[in-house]
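Every position in the sequence shown, counted from 1, becomes a number in the working numbering once 54 is added.
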Amino acid sequence: MDFKIKVKGKVYDIRILEKGKDGVSIKVGGKSFNFNSAVKENKNDESISEFAQEQKILSKKELKASLAGLVSEVFVKEGETVKQGQKILTLLAMKMENEMITEQNGKIKKIMVKVNQTVREGEILVIFE
55 MDFKIKVKGK VYDIRILEKG KDGVSIKVGG KSFNFNSAVK ENKNDESISE
105 FAQEQKILSK KELKASLAGL VSEVFVKEGE TVKQGQKILT LLAMKMENEM
155 ITEQNGKIKK IMVKVNQTVR EGEILVIFE
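#1: CA-CA distance, LYS164 and VAL180?
#2: Would you kindly work out how many angstroms separate the C-alpha atoms of LEU121 and ARG174, rounded to a whole number?
#3: Thinking C-beta only, is GLU177 closer than 8 Å to LYS85?
#4: Using the C-alpha atoms, what's the distance from GLU153 back to LEU145?
#5: Mind checking whether GLY139 and ILE162 have CB atoms under 8 Å apart?
#6: Closer than 8 Å by C-beta to GLU216: which residues in its own chain qualify, once you throw out the five before and the five after it? Chain order, please.
#7: Report yes if the CB atom of VAL125 is closer than 8 Å to the CB atom of LYS168, and no otherwise.
#8: Kindly list the residues whose CB is nearer than 6 Å to the CB of ASN88, restricted to its own chain and excluding five residues on each side of it in sequence; keep chain order.
#9: Ignore the nearest five residues each way along the sequence and tell me which others in GLU183's own chain have a CB closer than 7 Å to its CB.
#10: Hey, quick one: how far does the beta strand (DSSP E) through GLY160 stretch, first residue to last?
What follows is the structure, given as structure tokens:
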């Protein structure tokens, strides 16, 4: 059975692989997880933690719009190395300039937007290597 869940604004495709009296196996984002129904030393915590860590790493490879707006300036180029706290671009929203900055050091792999482009909240603006 396939379905979608939304966690903190991100949508995940979930597939139930196997369901039995001992628990369930699911696939999330290409990775399988097993959950036991018995309350014991919970070995699933490690799987859940591993999945959460993987998602955190993936999210750091993208800069997403924190709100809907209009891209007014882009301060970086593809291939450029950036440092934590560096301005990447400016979004105009509600008559205010909102600076989008990077949370880590890295290299710009792809700029997904252009000046004067309207973006939605959560839209990917920049992808890092």
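All residues carry an ideal CB built from backbone N, CA and C; glycine is no exception.
So, to answer that:
#1: Near 6 Å, if we compare the C-alpha coordinates of VAL180 and LYS164.
#2: C-alpha of LEU121 to C-alpha of ARG174: approximately 7 Å in a straight line.
#3: Inclusion of LYS85 and GLU177 in the CB contact set at 8 Å is not warranted, their separation being larger than that value.
#4: Going by the C-alpha atoms only, they are around 6 Å apart.
#5: No.
#6: There is no way to answer for residue 216, as the model of the chain reaches only from 55 to 183.
#7: Yes, these two residues count as a Cβ contact at 8 Å.
#8: Hits under 6 Å: SER79.
#9: Closer than 7 Å at the Cβ level, and outside the excluded window around GLU183, lie GLY160, LYS161 and LYS163.
#10: Note, GLY160: beta strand (DSSP E), 160-165.
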